[in-house]
Amino acid sequence: MHVYVATYKLCWPRADKKACPGADVIAVFDVAIHDGVDVLSVSLDGSPEDYMAEGVAIGSFHAVMRGITVVCLAGNRRANPVSVDNVAPWILTVGASFMDRDFVTYMFSLAII
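First residue of the sequence shown? That's 1 in full-length UniProt numbering, and the numbers climb one at a time after it.
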């Protein structure tokens, strides 16, 4: 079995603090497609409002149409803790959560004398 791991750098710090340009996002997807990847794991927030005009959604659509599985983070940086990014129906969106509770496990040792 041959495994190939490719890493692509997309975003560099910008003076205007804006997000990565959509054209750059799509270009990185196109490079990954050209390189022949089988799975794309994308750690980049996408806009949930209009996925037909958003870089992650468009780039991932290009990949999925070529048989590549695309997995994206759900994104949990917004003020609303129940919001989700990367909601295009062709993306496998993965998120994590936590609860402010402790699940305590007790262990007893019964020594027989």
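The beta-carbon is built from N, C-alpha and C at its ideal position, and this holds for glycine as well.
Counted as a single uninterrupted DSSP element, the beta strand (DSSP E) harbouring Ser41 occupies residues Val39 to Val42.
Per the Cβ contact rule, the stretch 23-32 is in contact with the stretch 50-66 (3 or more Cβ pairs under 8 Å). In the DSSP assignment, the residues bridged to Val70 are Leu40. In the three-state reduction of the DSSP assignment, Val94 falls in the strand class, which pools E and B.
Look at Tyr51 here: in three-state DSSP terms it is helix.
His2 sits in coil when the DSSP states are folded into three classes, being neither helix nor strand.
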